[in-house]
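Heads up: the sequence shown at position 247 corresponds to 776 in the numbering used here, and the numbers run straight through without jumps. A short write-up of the structure that comes next.
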Amino acid sequence: MDKEHLNQIAKALVSKNKGILAADESTGTIKKRFDTINLASNLSSRRNYRELLFTTPNINKYISGIILFDETTQQNTIEGMSFINHLNKLNIIPGVKVDQGLQNLTGSNEEMITTGLDNLESRLIEYKKIGCEFVKWRAVFSIGPNLPTKNCINTNTRLLAKYAIISQKTNLVPIIEPEVLMDGDHSIKDCYITTEQVLTETYKQLNDYGVFLKGTLLKPNMILPGSSNQIKTNPEEIAMKTIAVLKKTVPPIVPGIAFLSGGQTELEATNNLNAINIQANANNLPWELSFSYGRALQSATLKEWSGISANKKSAQTIFLQRATLTSAARQGQYSPSLENTNI
Ligand code: 13P
């Protein structure tokens, strides 16, 4: 394990004004996204869309790294350069999702575990060879009556730790993503309690497996009420509760925390990240607090593009605008009035 290299990549991914684009939607998930614009999902439409994102002029000012899906690691730009080489040329660090999706937790039809450990090491060796520098594994936890169970938390966090140590042995930085889902009508307090349990167990397992924490990043949810909960909240409360949980659970030597957007709108995810960074700056927290957004960077871009090549340029303008504003939020320098300025 090259600890210095792992630490250097982890730090570069959360460098001051930058964050990560999650473009690693699996074939099933990207189909759902394309359904919203009435576009058939096939190799070619998926390649075209990813090319639009990765070739947006100046995107490397705001995006430090991009998480790819396996299929995209094998695809090329229209000029015939592999996407991975293209990103490297732009100084954007290529990474890849290496979990292989979810299956029912044994004995449960409500909870899921993440799969992909079986042939993980050989896949990682290949990804490293073709130029990837980091990897991602997502575990999910639902909040509900008696959920998540202890079994679900223990099993999923142990898998995260095993994945992390195997990744580091291959000199790939593991992004550790234990996502407490927004679905449901639970309160912000329920999210706080569950996230605290999940993160506590995550770091216990990472320690038990000897994971080198300086060579990792955490990708957590923010502390939010369930998406169908009617009680109003605000970015300041979300930021305060999110930081409180992180302070209780995440060791200070972890270089960075890159939040997922998890179904928040682009504006919510930007406002909340901004409030988190304003409070972090005032409290001198030990980690960088950045983003690793999928939907909250892509939704408006996808809609503008709608699979029509004549819309590529205007969609790229929207993507650059969203990345610029998310980068501002990542520094606590966003204001909603910036939404109307031309980048
Ligand atoms: P969202 O930001 O859309 O939640 O996607 C991030 C991600 O990578 C989920 O695994």
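C-beta: ideal position from N, C-alpha, C; glycine also. From a predicted model like this one, the values you see are computed outputs, not experimental measurements.
Buried versus exposed, by CB contacts within 10 Å (16 or more), residue 827:
Taking every protein chain shown into account, the CB of residue 827 has 16 or more other CB atoms within 10 angstroms, so this residue is buried.
Just checking my contact of residue 657 with residue 688 at CB under 8 angstroms: how many whole Å lie between their CB atoms?
Actually they are not in contact, since the Cβ atoms of residue 657 and residue 688 sit about 21 angstroms apart, beyond 8 angstroms.
What is the residue span of the alpha helix (DSSP H) that residue 787 lies within?
Looking at the DSSP string, residue 787 is not in any alpha helix (DSSP H); the run it does join, the beta strand (DSSP E), is 785-788.
Mind checking which residues open and close the alpha helix (DSSP H) that includes residue 573?
572-583
Roughly how many angstroms lie between the CA atoms of residue 754 and residue 537, to the nearest whole one?
35 angstroms
Please tell me whether residue 659 and residue 602 are closer than 8 angstroms, where the distance is taken between their beta carbons.
yes
Any idea what DSSP makes of residue 764, helix, strand or coil?
helix
Apart from the five residues on each side of it in sequence, which residues of its chain come closer than 7 angstroms, Cβ to Cβ, to residue 709?
A distance below 7 angstroms between beta-carbons, with the five flanking residues on each side excluded, links residue 709 to the following residues of its chain, in chain order: 670, 672, 720, 723, 724, 727, 750.
Continuous beta strand (DSSP E) stretch holding residue 816: start and end
First-last for residue 816: undefined, no H or E at that position.
Could you work out which residue in 743, 716, 734 is closest to residue 770 when comparing CA atoms only?
716
Using DSSP with H/G/I as helix, E/B as strand and the rest coil, what is residue 563?
helix
Look at the Cβ atom of residue 622, then the Cβ atom of residue 580, and state whether they are nearer than 8 angstroms.
no
Should residue 634 be flagged as near chain B, meaning a C-beta pair shorter than 8 angstroms?
As a matter of chain content, chain B is missing from the structure shown, which is built from one protein chain.
Can you check DSSP and say which residues form a bridge with residue 692?
For residue 692, DSSP records no beta bridge to any residue.
Three-state class that DSSP yields for residue 539 in the structure shown:
helix
Counting Cβ pairs, one atom from each stretch, are 3 or more of them under 8 angstroms apart for the stretch 819-836 and the stretch 777-796?
yes
Report, in whole angstroms, the separation of the C-beta atoms of residue 713 and residue 757, which I expect to be a contact under 8 angstroms.
6 angstroms
Suppose the cutoff is 7 angstroms on Cβ atoms and the five residues either side in sequence are ignored; what does the same chain contact list for residue 745 look like?
539, 693, 702, 703, 705, 783
Starting from residue 505 and walking both ways along the beta strand (DSSP E), at which residues does that stretch end?
Since the displayed the chain opens at 530 and closes at 872, residue 505 lies outside it and no answer follows.
Tell me the DSSP secondary structure of residue 665 in three-state form.
Residue state, collapsed to three classes: strand.
In DSSP terms, what residue 611 is bridged to:
605
Any residue with its Cβ nearer than 5 angstroms to a heavy atom of the ligand 13P should be included. What is that list in chain order?
Taking each Cβ in turn, the ones that pass are 551, 667, 789, 790, 791, 822, 823, 824.
When the Cα of residue 871 is compared with those of 618, 849, 695, which residue comes out closest?
849
Cβ contact (3+ pairs, closer than 8 angstroms) linking the stretch 622-632 and the stretch 584-601
yes
Can you tell which of 544, 535, 738 has the C-alpha that lies nearest to the C-alpha of residue 787?
544
Does the beta-carbon distance from residue 653 to residue 696 come in below 8 angstroms?
Yes, these two residues count as a Cβ contact at 8 angstroms.
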